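Asks: Count the sequence shown with our numbering and you get residues 1 to 333, in order.
Note that CB positions come from ideal geometry on N, CA and C, so glycine has one too.
Since the structure is predicted, the reported quantities are computational estimates derived from the model, not experimental observations.
This is the structure I have questions about; it appears just below.
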Amino acid sequence: MYAQALDQKDKAPSVVEDPEHLARFEARCAAEEKIEPKDWMPEGYRRTLIRQISQHAHSEIIGMQPEGNWVTRAPSLRRKAVLLAKIQDEGGHGLYLYSAAETLGISREELYEQLLSGRAKYSSIFNYPTLTWADMGAVGWLVDGAAIMNQIALCRCSYGPYARAMIRICKEESFHQRQGYEIMLTLAKGTPAQKEMAQDALNRWWWPCLMMFGPPDAVSEHSQESMRWKIKRFSNDALRQKFIDATVPQGHYLGLTFPDPDLKFNEATGHWEIGAIDWSEFKRVLSGDGPCNRQRMRHRRQVEADGAWVRDAARAHAEKRAAREAAAKIAAE
Ligand code: BYC
């Protein structure tokens with residue numbers, strides 16, 4: 001079912017690893033040791049990390065777009081300042097993550113190229129539109145809420161630079177989640193029209209947020225290996241369930257309902273149970289046919305082209321400076 005969604009990636013030939021190195025590496029992962037950039041690592045581990053960290057970085061950068069849509073229309077100066085700060089945080093997260101990916105031996109230019117050519121993915125969630133101000137609440141509460149659920153576990157990832165980047169990112173994400181919930185709370189306790197706007201946002205964002213955690217465990221291609229290598233600590237379904245259990249009571253506290261007639265609490269297991277997720281929608285979004293995929297990439301390419309002169313100027317300045325320093329060194333000798 002998912003094969004089609006996966007066919008764009010680089011299927012690099014598998015590398016035969018030295019069994020002694022491999023055994024030592026696996027033992028280090030099992031012993032919860034952090035793997036650092038200069039340590040030996042199997043090619044598959046390196047590739048998996050580049051794939052995941054870069055997908056994560058691209059998500060942060062593309063994720064600025066749906067929120068950027070509301071900067072000029074935020075309902076007050078305070079809301080605008082908070083939203084701007086949040087979007088800047090996302091940009092910062094993208095930069096830490098690109099730096100973490102670079103420690104694995106891939107250049108920033110190559111990472112950008114993979115995004116712009118469509119070879120690298122970014123999170124499915126950012127291909128949905130932000131139609132009303134309540135979407136800023138729903139994105140913070142649900143999208144950042146789902147992100148934290150996934151990322152708290154990544155703070156214990158076996159790869160040191162990724163794990164360390166995640167610690168700071170999670171602190172900021174938790175502020176983002178709270179600001180989103182506070183917007184929802186204000187709307188839910190506001191006029192009937194405001195409450196309706198909050199309900200409509202929850203209706204549209206709920207299912208796509210559940211898809212953020214990735215395909216069901218039974219078809220998750222990378223989970224098993226990533227969990228053995230301690231890159232992932234929990235399976236996609238386990239994190240999805242944690243998110244559902246944490247979020248449903250928050251929605252009920254707002255006085256809102258979830259767009260799922262099958263949602264029910266199972267007293268025996270202590271978990272909320274949901275109806276069937278429409279995985280054909282997830283597959284469609286991943287294959288480039290979501291509501292905003294084309295718009296997001298068009299905008300990203302335009303921004304890249306618009307910024308070319310800045311990169312050229314910075315490069316020319318660095319070259320001039322290096323030449324000046326080299327000349328000064330020769331003169332001093
Ligand atoms: N969207 O074997 P699986 C944020 C792909 S940013 C798109 O389970 P894995 C925020 C997956 O890549 C949130 N693609 O994969 C920013 C793979 O395809 P490839 C982003 C998805 O890697 C701004 C295939 O499906 N967070 O929070 O073991 C504002 C099979 O999946 C998705 C991260 O990136 C998806 N939702 O597990 C607000 C966290 N799900 O690569 C908020 C780091 C799956 O083989 N990433 N795919 O072509 C991860 O934890 C893991 O990569 C995933 C997937 C759980 C997402």
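Indicate the three-state DSSP secondary structure (helix, strand or coil) for Asn69 in the structure shown.
Replies: DSSP, read as helix, strand or coil, puts Asn69 in coil.
Asks: Using a Cβ-Cβ cut-off of 8 Å (strictly less than) and excluding sequence neighbours within five positions of Val71, which residues of its own chain qualify?
Replies: Lys80, Leu83, Leu84 and Ile87
Asks: Does the segment 221-237 come within contact of the segment 192-208, defined as at least 3 CB pairs closer than 8 Å?
Replies: Too few Cβ pairs lie closer than 8 Å, so no.
Asks: Is Asp144 a contact residue of the ligand BYC, with contact defined as CB to any heavy atom under 7 Å?
Replies: yes
Asks: Please list the terminal residues of the continuous beta strand (DSSP E) segment that includes Asn266.
Replies: Lys264 to Asn266
Asks: Can you give the Cα-Cα distance for Pro216 and Thr191, rounded to whole angstroms?
Replies: Separation of Pro216 and Thr191 (C-alpha to C-alpha, rounded to the nearest whole angstrom) is 39 Å.
Asks: Can you find at least 3 beta carbon pairs, one from the segment 225-244 and one from the segment 156-163, that sit closer than 8 Å?
Replies: yes
Asks: Evaluate contact between the segment 165-178 and the segment 90-106, counting only Cβ atoms and requiring at least three cross-stretch pairs below 8 Å.
Replies: yes
Asks: Can you name, in chain order, every residue of its own chain whose Cβ lies under 8 Å from the Cβ of Ala332, other than the five neighbours on each side?
Replies: none
Asks: Compute the Euclidean distance between the alpha carbons of Val246 and Ala134, then round it to the nearest angstrom.
Replies: The question names Val, but residue 246 in the sequence shown is Ala. Each residue's Cα considered, the two are about 20 Å apart.
Asks: Among Gly44, Gly118, Lys34 and Glu109, whose alpha-carbon lies nearest the alpha-carbon of His298?
Replies: Residue 298 is actually Arg in this sequence, not His. Closest by alpha carbon: Gly118.
Asks: Is there a C-beta anywhere in chain C that falls below 8 Å from the one on Asp312?
Replies: Included in the structure is just one protein chain, with no chain C present.
Asks: Sorted by chain position, which residues of the same chain lie with C-beta nearer than 7 Å to Ala27's C-beta, five sequence neighbours on each side aside?
Replies: Within the same chain, Ala27 has no close Cβ partners at all.
Asks: Taking only three categories from DSSP, how would you classify Ala3?
Replies: Any reading at Ala3 must be qualified, since the residue scores a pLDDT of 34, below 50, and its modelled position is unreliable; no value is offered.
Asks: Beta-carbon within less than 7 Å of Arg301's beta-carbon, same chain only, minus the 5 sequence neighbours each way: which residues are those?
Replies: Apart from sequence neighbours up to five positions away, the residues of its chain that approach Arg301 with a beta-carbon distance below 7 Å are Leu116, ordered along the chain.
Asks: Within its chain, find whatever has a CB closer than 8 Å to the CB of Trp206; leave out the 5 residues flanking it on each side and keep chain order.
Replies: Leu142, Phe258, Pro259 and Asp260
Asks: Taking all protein chains shown into account, do 16 or more other C-beta atoms lie within 10 angstroms of the C-beta of Glu90, making it buried, or fewer, making it exposed?
Replies: buried
Asks: Using the Cα positions of Leu239 and Met149, report the straight-line distance between them to the nearest angstrom.
Replies: Leu239 and Met149: Cα-Cα distance of roughly 7 Å.
Asks: Is the beta carbon of Gln65 closer than 8 Å to that of Phe126?
Replies: Taking 8 Å as the cut-off, the beta carbon of Phe126 is found closer than this to the beta carbon of Gln65.
Asks: Please list, in chain order, all residues of the same chain as Ala101 whose beta carbon is under 7 Å from its beta carbon, the five residues on each side excluded.
Replies: Ile50, Ile53, Ser54, Ala57 and Leu111
Asks: Quick one: using the 10 Å Cβ neighbour count with 16 as the cut-off for buried, is Asn236 buried or exposed?
Replies: By the neighbour-count rule (16 or more Cβ atoms within 10 Å), Asn236 is buried.
Asks: In this structure, does DSSP put His222 in helix, strand or coil?
Replies: coil
Asks: From Ala218 to Ser280, what does the alpha carbon distance come to, in whole angstroms?
Replies: 16 Å
Asks: If you reduce the DSSP assignment to three classes, tell me which class Tyr159 lands in.
Replies: DSSP places Tyr159 in the strand class (E or B) of the three-state scheme.
Asks: Taking 6 Å as the limit between beta carbons, can you name the residues of its chain near Asp262, skipping five residues before and five after?
Replies: Gly275
Asks: For Gly307 and Gly63, what's the separation of their Cα atoms in angstroms?
Replies: 19 Å
Asks: Following a CB-centred definition, is Glu221 positioned closer than 7 Å to any heavy atom of the ligand BYC?
Replies: yes
Asks: Any heavy atom of the ligand BYC closer than 7 Å to the Cβ of Arg51?
Replies: Within the cutoff, so yes.
Asks: Which residue marks the beginning of the beta strand (DSSP E) containing Trp272, and which one marks its end?
Replies: His271 to Glu273
Asks: Looking at the secondary structure, which residues open and close the alpha helix (DSSP H) in which Lys195 lies?
Replies: Pro192 to Met211
Asks: Could you tell me which of Gln114, Trp40 and Met136 sits nearest to Thr103, measuring between CA atoms?
Replies: The residue from Gln114, Trp40 and Met136 with its alpha-carbon nearest to that of Thr103 is Trp40.
Asks: Return the bridge partner residues of Ile35 from the DSSP annotation.
Replies: Tyr159
Asks: So for Ala334, helix, strand or coil by DSSP?
Replies: Summary: the structure shown does not reach residue 334, with the chain confined to residues 1 through 333, and so no result is reported for it.
Asks: CB Met211 to CB Phe282, shorter than 8 Å?
Replies: Yes. Within cutoff.
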